[in-house]
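If you read the sequence shown in the UniProt record's numbering, its first letter stands for residue 1, the second for the next number, and so on.
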Amino acid sequence: MTVTLIWLIAFAVILFLCLSRWEASVSALLSKLLPAVLRSEDDRWVWSPAIAVLGATAIVRPVDLLLTLILIGLITWGITKLAGWAMNKVDMH
């Protein structure tokens, strides 16, 4: 119960900070990082909760988040290598 309460408080604080500082810093940072396809007019209401969830999870369970990111990276790396190998085996005329 304590972990859930800490997570909810962290989520609320991070969400508030993201929404209140959207124009000053968060929007500029996301516009540099994201391709044009992922940007829209309603970015504030999509990316702020996503950032808040990641931030709160990083505060409450940083090891779990780190291991998840490592696992996602390894899976992506493996799929990339497998796709490269498959493309080399395909006979393109």
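Ideal Cβ placement from N, Cα and C applies to all residues, glycine included.
W7 is not a Cβ neighbour of T80, given a cutoff of 9 Å. Boundaries for P35: no alpha helix (DSSP H) harbours it, and the DSSP string shows neither H nor E there.
When the five nearest sequence neighbours on each side are left out, the beta carbons in the same chain lying within less than 7 Å of the beta carbon of A52 are those of F11, I14, L15 and C18, in order along the chain.
Between the alpha carbons of G73 and M1 lies a distance of about 31 Å.
When only Cα atoms are considered, T68 and N88 end up about 30 Å apart.
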